[in-house]
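Visitor: One structure, as structure tokens, below. Some questions next.
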Amino acid sequence: MKPTQQNQFDKTSFQNSVKQHLSATYATTVEHASPQQWYLAMGRALAEFTTLDLLETESDKRIQNAKSVNYLSLEFLIGRLTGNNLISMGLYQQVAQAMEEMGHNLTDLLEEERDPSLGNGGLGRLAACFMDSCAAQEFPTVGYGLHYEYGLFKQSFQDCHQKEAPDAWRCVEGYPWEVARPELAQEIGFYGHVEVYQDEGVERRRWVPGMTVQSMPWDLPIVGYESDTVYPLRLWECRAIAPFSLASFNNGDYFEAQHSLIDAGNITKVLYPNDNHEKGKTLRLMQQYFHSAASIRDILRRHIQSGHSLASLPDYETIQLNDTHPTIAIPELMRILMDEHLFTWDEAWAVCTKTFAYTNHTLLPEALETWSESLIQRLLPRHMEIIYHINHLFLQEVRAKWPGDVAKQQKLSIIQEGFHRMVRMANLCVVGSYAVNGVAALHSELVKRDLFPEFHELYPTRLHNVTNGITPRRWLKYCNPGLSALITDKIGSEWPADLDQLQGIAKFAEDGQFQKQYMSVKKANKQRLADWVQDNMGIALNTDAIFDVQIKRLHEYKRQHLNMLHILSLYYRLLNDPDFDMVPRVVFFAAKAAPGYHLAKEIIYALNKIAEKVNSDPRVNDKLKVVFIPDYRVSIAEIIIPAADVSEQISTAGKEASGTGNMKLALNGALTIGTMDGANVEIREEVGDDNIYIFGLEVDGVEALRAQGYNPYDYYHADPLLKSSLDLLLGDEFTPGEPGKLRATFDSLIDGGDPYLVLADFASYVSAHEAMDEQYRDQAGWAKKAILNTALVGKFSSDRSIRDYVNNIWKLESVTR
């Protein structure tokens, strides 16, 4: 166990520290402090341990002289830190006892913490898991993100419509785990012009910014599991350098006096602003450059302070770009090396192309980032010059490989020609990196075959696969203590650091006693979720029902509307087929739709209206319930996932890069109903055909159907159940007196061409659900399948993902502290 904290934890000293923070930090007393203040004081007392370990890790000469990974991501969806950190520190029971003696229940105090709202989905959650696994295995790491004042948004429902409100996640008193590092602040520029000057007969260029801001770093501790290692997640907050003009204020111009403060503060004000207007696009690109520039400067500062030369940067640092959002870091490093350190182009390019690696997360063309050439030119004029030259030299390579093939040049060029010339950030990433990886075996093959085939031919060793993973510390040990205790009782306590050990419980899959224990844990988790729904939404649930869960961003390709059609089909059959019998079922949704994504918001509205009617319709006789949980976040997932019986992973084949919710749910004993897409393919390989429910078209079938000409009307008219289900959206069944209020989904599927082939997969999806319904009636058989899911998904630990990165891409060594 952890020698420093666990064995040297002094309960009395800790309690005194909590009391001191109550009075000195939060200006209250033991008698008058609110639960929120008790949580904050406890967090501050605990953070004293991690901040000390963070500084000691940072100053460890062995780490300074080892190779490190710098993980650049605009999202880190880390979830609440307190409970997870207590588990990693080995202090959960001791702190629970200490707080109990002070009159407070630790579980209740942990509920006072708001999720740090630093991401909006799987990309950010993956980054958080990777940071956890790097720390757990002690591979030197620094994470770099942005210190958003507001998260994506707090979601609520008003008349069944999604409503967005600012998510001020830090509360007035701040977040107890973060520590400001003002000594590491940087100055970052925007706009301005490029100067040409002579230096000993050599023509050189330098950027003269027209606006300069300060990047203030805040460090969050990423605590190694049962070790003294604590790595920083360094989040940059944008501040004005001269925030207040006294002269303007004295002249009566109060707004002008704070103008620079307002401009600078907007850069890290909110996670991913709507960028469907020019000001939004400018702000988004400013965010990306601010993040990249501050991070690159910090990496170079650490490298130089450790006594290393800039030419040796690739020997000591690798920079992983999590998607294309930090791409501008590539020309930024080139600019610093050439303009500030006087490297030649070739010297700078040699350093760059051995330092950067890039993770691709999408096959969707609309999700591959492009930026207007004119916007980059205006905002970052020197960077645009560098991008032009990178592209010029790269196209020489293309011409040498495919002489006279103009089409290849047009497809591969970093600059996309057209009425508005655009910069393709993914192409820049591939050209400027030494490694590019997809995030699941199928995805990586499709990247080579469909997305970047010419790049693969040009650079045959550059494209890799690293299948995603999840941290078992948070996604089993912390969120599902009942199952964790049951597993530990059978196979010992080392599995959270070696998830392959879960295979040891496979031999109990047909043990009747173990099946009962396992399903008893599941039942308790279902009751916990049911209690939450009753307390927060006023809906009573039957915990003997199948808990059927789809939790992820609301997007057409994830096909929540296919799930909706299945709900409509069950409702139709319950009302119209006297012979239809089904196991009671509760279908859970939790998802946010992007504020500007009209159809996604219409699907949320439809699901909520359907839920209103189904949940109160006496004819349904409680056989079917629909629950859309608002404001989906990590702490909600931690309640839903352990309770799930069924995991919905139903994206159109070839559209989901990987998925990680599928891994979390399978690990916690939910059976997957899914397409052959993303990591579902590998989950099937691990758990076996008998323990997963696969349906629908595969990638080749999707392509063949599209090639022959897909007509959704053919499916609509050929399948009476499908037609009856869809037609429910046209009348006023769910919107009394207002027929057609839900027809947006119908129109997108029928008149809109059904771009994600919902209707083509509907019949197969219904059949798979019928097979699951039948299986659930045999509880022993269901328990066996659930146990085997938990036992056989050890591959999907993010510890394994990080080892793949370390061995195949980053080439790091562990530094044990």
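Using UniProt numbering, read the sequence shown as starting at 1 and increasing by one per residue. Backbone N, C-alpha and C define an ideal beta-carbon position, used for all residues, glycine too. These figures come from a predicted structure and were not determined experimentally.
1. Helix, strand or coil for ARG421 per DSSP?
2. Could you compute how far the alpha carbon of LYS19 sits from the alpha carbon of ILE386?
3. Would you kindly report the start and end of the unbroken beta strand (DSSP E) that includes ARG234?
4. Three-state secondary structure (DSSP) at ARG817?
5. How big is the Cα-Cα spacing for THR12 and ARG474?
6. Among ASP690, ILE78 and GLU111, which one has its Cα closest to the Cα of ALA771?
7. Looking at ALA440: is its Cβ nearer than 8 Å to the Cβ of ALA657?
8. To the nearest angstrom, report how far apart ARG421 and LEU333 are at their CA atoms.
9. Measure the CB-CB distance between SER798 and ASP263 and report whether it falls below 8 Å.
10. Does DSSP put VAL583 in a helix, in a strand, or in coil?
11. Considering SER748, what are the terminal residues of the alpha helix (DSSP H) in which it resides?
12. Reducing DSSP to helix, strand and coil, say where LYS154 ends up.
13. Note the first and the last residue of the continuous beta strand (DSSP E) segment covering ARG205.
14. Of the residues GLY143, ARG125 and MET537, which one's Cα is nearest the Cα of LEU220?
15. Using the C-alpha atoms, what's the distance from TYR175 back to LEU395?
16. Just to confirm my understanding: we take HIS717, look at its own chain, exclude 5 residues before and 5 after, and list those with CB closer than 8 Å. What are they?
17. Does any C-beta atom of chain C lie closer than 8 Å to the C-beta of LEU728?
18. Cβ atoms of ARG125 and THR660: under 8 Å apart, would you say?
19. With H, G and I counted as helix, E and B as strand and the rest as coil, what does DSSP make of LEU72?
20. Here's the rule I'm using: 16 or more other beta-carbon atoms within 10 Å means buried, otherwise exposed. How should ASP754 be labelled?
21. Helix, strand or coil for residue 829 per DSSP?
22. Please list the segments of the alpha helix (DSSP H) lying wholly inside the region 539-613, counting only runs of 4 or more residues, in order along the chain.
23. By alpha-carbon positions, which one of TYR148, HIS361, ALA435 and GLU369 ends up nearest to PHE290?
24. Is the CB-CB distance between TYR272 and LYS67 below 8 Å?
25. Could you tell me which residues DSSP pairs with residue 873 in its beta bridges?
26. Buried or exposed: which applies to LEU442, given that a residue is buried once 16 or more other Cβ atoms fall within 10 Å of its Cβ?
27. Going residue by residue through the region 407-459, where are the continuous alpha helix (DSSP H) segments of at least 4 residues, counting only ones entirely within it?
28. Can you tell me which of the three DSSP states THR790 falls into?
29. Looking at the unbroken beta strand (DSSP E) that takes in THR29, where does it start and where does it end?
30. Assign LEU91 to one of three DSSP states: helix, strand, or coil.
31. What is the DSSP secondary structure of THR488, counted as helix, strand or coil?
32. Smallest Cα separation from LEU812: which of SER59, ASN65 and PHE9?
33. Quick check on LYS67: does DSSP put it in helix, strand or coil?
34. What residues match up with TRP371 in a beta bridge as DSSP calls it?
35. Could you tell me the distance, in whole angstroms, from the CA atom of TYR518 to the CA atom of GLY781?
36. If you draw a straight line from the alpha carbon of ASP761 to that of TRP371, how long is it in whole angstroms?
Guide: Put simply:
1. coil
2. 56 Å
3. 230-240
4. coil
5. 28 Å
6. ASP690
7. yes
8. Near 24 Å, if we compare the C-alpha coordinates of LEU333 and ARG421.
9. The answer is no: Cβ separation not under 8 Å.
10. coil
11. 743-750
12. strand
13. Boundaries of the beta strand (DSSP E) harbouring ARG205: 202-208, taken from the DSSP string.
14. GLY143
15. Rounded to whole angstroms, LEU395 and TYR175 show a C-alpha spacing of 49 Å.
16. LYS723
17. The displayed structure is made up of one protein chain only, and chain C is not part of it.
18. yes
19. strand
20. buried
21. Residue 829 is absent from the model: the chain starts at 1 and stops at 817.
22. The DSSP assignment places complete alpha helix (DSSP H) segments of no fewer than 4 residues inside the region 539-613 at 560-576, in order along the chain.
23. When each option's Cα is compared against that of PHE290, the closest is TYR148.
24. no
25. In this structure the chain extends from 1 to 817, so residue 873 is not present and cannot be described.
26. buried
27. 425-432, 441-446 and 453-458
28. helix
29. Unbroken run through THR29: none, as it is neither H nor E.
30. coil
31. helix
32. ASN65
33. In this structure, LYS67 counts as coil in the three-state DSSP scheme.
34. VAL423
35. 13 Å
36. 35 Å
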